[in-house]
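Using this note's numbering, the first residue of the sequence shown is number 146, and each one after it goes up by one.
Ideal placement from N, C-alpha and C gives every residue a C-beta, glycine not left out.
This structure is a prediction, so every number in the text was calculated from the model and none was measured.
Below is one structure, written out as structure tokens, with a few remarks after it.
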Amino acid sequence: MAEMKRPGGELASRPLHFFWIVDCSGSMYGEKIGTVNHAIQSTIPEMVSAAENNPNAQLLIRTLKFSTGASWVTSSPVNVEDFAWDDLEANGVTDLGKAFELLAAQLTIPPMSDRALPPVLVLLSDGQPTDDYKKSLAELKKLPWGKKAVKIAISIGQDADDEVLEEFTGNKELVLQANNAAALTKMIKWASTAASLVSAPASIAMESDDSQNGEPAPIIVDMGGRLPDLDDIQDGDVW
Numbered sequence: 146m147a148e149m150k151r152p153g154g155e156l157a158s159r160p161l162h163f164f165w166i167v168d169c170s171g172s173m174y175g176e177k178i179g180t181v182n183h184a185i186q187s188t189i190p191e192m193v194s195a196a197e198n199n200p201n202a203q204l205l206i207r208t209l210k211f212s213t214g215a216s217w218v219t220s221s222p223v224n225v226e227d228f229a230w231d232d233l234e235a236n237g238v239t240d241l242g243k244a245f246e247l248l249a250a251q252l253t254i255p256p257m258s259d260r261a262l263p264p265v266l267v268l269l270s271d272g273q274p275t276d277d278y279k280k281s282l283a284e285l286k287k288l289p290w291g292k293k294a295v296k297i298a299i300s301i302g303q304d305a306d307d308e309v310l311e312e313f314t315g316n317k318e319l320v321l322q323a324n325n326a327a328a329l330t331k332m333i334k335w336a337s338t339a340a341s342l343v344s345a346p347a348s349i350a351m352e353s354d355d356s357q358n359g360e361p362a363p364i365i366v367d368m369g370g371r372l373p374d375l376d377d378i379q380d381g382d383v384w
């Protein structure tokens with residue numbers, strides 16, 4: 146098989162940047178943001194274990210939060226072994242466009258290495274953007290790493306704008322529904338495994354180079370059969 150076209154070329158112990166992008170608007174206050182904090186904190190040991198078992202990748206974690214404006218919780222990439230989750234609080238509006246703007250600034254070379262594996266972007270949101278996100282999202286998707294990133298969105302509650310989240314992922318199958326705390330916890334734990342999928346060569350396939358302007362098509366990660374089984378989650382409280 147011909148070598149997959151991507152920044153950096155062949156696989157060999159390369160940095161893999163994993164981004165948590167978390168909605169901290171006022172509608173996330175209470176159980177929602179509490180569940181996010183607890184679930185992501187609990188995934189860290191599992192991510193460390195996965196990284197130890199995968200010599201292809203050096204897993205680096207960052208957290209970006211957005212509400213009224215957006216800001217980095219983790220100012221620079223941190224090795225997963227050294228990563229600690231800082232509990233987030235919820236208030237304000239939903240400036241998703243500002244989050245995309247900050248994210249795009251980190252997906253250029255530099256600061257990204259040309260040796261890196263495709264980054265993993267996990268977006269969690271329960272509402273609708275209150276700023277003009279489309280321009281920032283378009284700029285993000287124009288970047289080589291923006292195109293090749295694995296994008297997953299977790300739609301929290303029934304008021305989340307799934308159309309916006311699908312614009313972000315480019316694939317409705319990667320917009321995961323979470324309408325209660327148990328489902329949200331499962332989805333966060335599942336999303337945290339995306340890094341190990343990306344760094345495993347057998348999990349990655351490229352579409353043909355048929356996009357415009359000679360740009361290679363995005364990396365497609367086969368998630369078939371990997372989504373968590375939510376049948377055992379009681380209906381209970383629904384957000």
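Check	Outcome
Entirely enclosed beta strand (DSSP E) segments - the stretch 269-307, minimum 3 residues	295-301
Opposing strand residues paired with S170 [DSSP bridges]	DSSP output for S170 lists no bridge partner at all.
From L319, D306, S281, residue whose alpha carbon lies closest to that of V295	L319
Whether L288 touches I166 by CB criterion (8 Å)	no
Where the beta strand (DSSP E) containing W217 begins and where it ends	214-217
Distance, G175 Cα to G237 Cα	14 Å
Cβ-Cβ separation, S212 to D240 (assumed contact under 8 Å), whole Å	7 Å
Inter-residue spacing [alpha-carbon to alpha-carbon] between A229 and L247	21 Å
Spatial neighbours of Q186 in its chain, beta-carbon cut-off 6 Å, leaving aside the 5 residues before and after	W230
Simplified DSSP assignment, three categories, for T208	strand
Cβ-Cβ separation, R159 to L262 (assumed contact under 8 Å), whole Å	5 Å
Nearest residue (CA-CA) to K334, options P190, A235, H162	P190
V193 (DSSP reduced to helix, strand or coil)	helix
Limits of the unbroken beta strand (DSSP E) element including L321	320-323
Simplified DSSP assignment, three categories, for N198	coil
Beta-bridge partners of F164, as assigned by DSSP	R207, L266
Among M257, F164, P256, nearest to T208 - alpha-carbon criterion	F164
P264 versus S170: straight-line alpha-carbon distance, rounded	25 Å
Buried/exposed call for K280, threshold 16 Cβ in 10 Å	exposed
Cβ-based neighbour list, A244, same chain, cut-off 7 Å, excluding 5 preceding and 5 following	I166, L209, F211, A215
Coarse secondary structure for V238, derived from DSSP in three states	coil
Proximity test, T180 beta-carbon vs the ligand SAH heavy atom, cut-off 7 Å	The ligand content of the structure shown is nil, which means the ligand SAH is not present either.
Cβ neighbour criterion (16 or more within 10 Å) applied to N325	buried
Sequence-distant residues of the same chain with beta carbon closer than 8 Å to P222, five excluded per side	P160, H162, L205, I206, R207
Distance, M192 Cα to N198 Cα	10 Å
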